[in-house]
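What follows is one structure encoded as structure tokens, with my remarks underneath.
There are 2 protein chains.
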Amino acid sequence: MDKKLASHAAEVLKALAHPIRLQVVEALEGGERSVGEIAEAVGEKQAITSQQLNIMKDKGILKSRREGARVFYWIENENAIRVLGCVHNHCRKKGKGRR
Amino acid sequence: MDKKLASHAAEVLKALAHPIRLQVVEALEGGERSVGEIAEAVGEKQAITSQQLNIMKDKGILKSRREGARVFYWIENENAIRVLGCVHNHCRKKGKGRR
DNA sequence: TCTGCGTATCGAGATATAACGATATTACTA
DNA sequence: TAGTAATATCGTTATATCTCGATACGCAGA
Chain A
1 MDKKLASHAA EVLKALAHPI RLQVVEALEG GERSVGEIAE AVGEKQAITS QQLNIMKDKG
61 ILKSRREGAR VFYWIENENA IRVLGCVHNH CRKKGKGRR
Chain B
100 MDKKLASHAA EVLKALAHPI RLQVVEALEG GERSVGEIAE AVGEKQAITS QQLNIMKDKG
160 ILKSRREGAR VFYWIENENA IRVLGCVHNH CRKKGKGRR
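So the sequences go chain by chain: A and B. Taking our numbering, the leading residue of the first sequence gets 1, the next gets one more, and so forth. Taking our numbering, the leading residue of the second sequence gets 100, the next gets one more, and so forth.
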């Protein structure tokens with residue numbers, strides 16, 4: 001893995017490495033949802049949610065479409081879900097087995 | 100996934116979301132190596148490499164042991180390797196234009 | 001104890017990210 | 001075209017991260 005590839009991979013990971021953004025991925029696992037629905041699901045204000053959605057869209061993790069006044073987001077990069085799975089797995093192990 | 104779990108998961112991901120740190124994981128996939136070996140493998144200076152190793156150790160991704168003057172690091176959290184695999188997979192798809 | 005090698009830490013400056021309230025934009029409807 | 005709901009963006013402040021040179025620490029051999 002050369003520097004350039006590593007940098008790009010890091011960019012993608014960074015786009016997931018945030019509590020709100022992880023929760024967004026979780027909220028979208030079942031399919032597309034509007035910004036308002038997502039904001040409610042993750043328990044954050046509209047402005048912040050919109051910003052985080054934009055970040056993930058920029059990095060190619062999400063895509064969006066407008067439908068009237070609302071905008072729906074969905075997961076474009078399925079690897080995001082796999083990454084979420086890995087971290088989930090890690091956290092379960094820490095919580096139950098060790099220490 | 101509640102806020103607390105999401106925050107912890109984000110912490111772990113953040114510890115991987117850096118070009119050097121991803122390369123470190125790759126360098127350690129084959130087993131433990133000393134700081135000097137790792138620094139050379141990723142092409143970075145000693146101080147920076149040591150700092151990044153420390154970050155990953157703090158977050159439970161690596162562990163280390165001292166052997167004389169040298170310190171060896173290895174991967175403690177195998178999920179780090181899986182995450183790396185996910186991102187690799189993502190980048191390959193993007194690069195070749197498949198879908 | 002002194003020396004040298006390998007590793008860790010410190011402090012500073014530059015850059016990036018987070019969070020927030022306020023405001024702008026867009027689209028629908030009366 | 002005025003009003004309203006949904007979403008996006010702006011401007012600011014606070015905080016975190018990255019990088020680097022310098023330096024301190026830990027260990028082993030002479």
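Cβ coordinates follow ideal geometry from the N, Cα and C atoms, glycine included. From a predicted model like this one, the values you see are computed outputs, not experimental measurements.
(request) Below 8 Å on the Cβ atoms is my guess for A:G60 versus A:N77; work out the distance and round it to an integer in Å. (result) Between A:N77 and A:G60 the Cβ distance is about 6 Å, and since that is below 8 Å, they are a contact.
Exercise. When we look at the beta-carbon of B:A105 and count the other beta-carbons within 10 Å, is it buried (16 or more) or exposed?
Worked result: buried
message = For A:V63, report the span of its beta strand (DSSP E) as first-last.
response = In the sequence on display, residue 63 of chain A carries Lys and not Val. L62 to E67 is the extent of the beta strand (DSSP E) around A:K63.
Between A:H18 and B:A109, is the Cβ-Cβ spacing less than 9 Å? yes
* Take B:A138 as the anchor and find which of B:R169, B:V111, B:D157 and B:L112 has the nearest alpha-carbon. => Nearest of B:R169, B:V111, B:D157 and B:L112 to B:A138, Cα basis: B:R169.
Quick check: the Cα distance between A:K3 and A:D58, rounded to an integer number of angstroms? 21 Å
> Mind checking if A:E11 is an interface residue toward chain B, Cβ cutoff 9 Å exclusive?
Replying inline: Output row for A:E11: interface = yes.
Exercise. Expressed to the nearest angstrom, what Euclidean distance is found between the alpha-carbon atoms of A:A47 and A:G85?
Worked result: Spanning the two alpha carbons is a distance of roughly 27 Å.
Ordered along the chain, which non-local residues of its own chain (more than five positions away) have a Cβ less than 6 Å from that of B:A140?
A126
Could you please give me the residues that DSSP links to A:V24 through a beta bridge?
A:V24 is not bridged to any residue.
Checklist entry - Across which residues does DSSP place A:S34 in a beta bridge pair? => result A:F72
Assuming B:V124 and B:I174 form a contact by the criterion Cβ under 8 Å, report the distance between their Cβ atoms to the nearest whole angstrom.
7 Å
Check: CB-CB under 7 Å to A:S64, same chain, minus the five flanking residues each way: which ones, in chain order?
Finding: K57, V71, F72 and Y73
Item to check | Nearest to A:H88 (by Cα), restricted to the options B:E128, B:N188, B:V182 and B:V186 | outcome: Looking at B:E128, B:N188, B:V182 and B:V186, the one whose alpha-carbon comes closest to that of A:H88 is B:V182.
Worksheet entry | Interface partners of B:K113 on chain A, CB under 9 Å | L13, K14, A17 and H18
Here's the rule I'm using: 16 or more other beta-carbon atoms within 10 Å means buried, otherwise exposed. How should A:Q51 be labelled? Exposed: under 16 other Cβ atoms inside 10 Å.
**Report entry** Test item: CB-CB of A:E44 and A:I20 under 9 Å
**Finding:** yes
**Prompt:** Which residues bound the alpha helix (DSSP H) around A:K14?
**Reply:** K3 to K14
Own chain residues within Cβ distance below 8 Å of A:T49, not counting five before or after
I20, V24, V35, I38, A39 and V42
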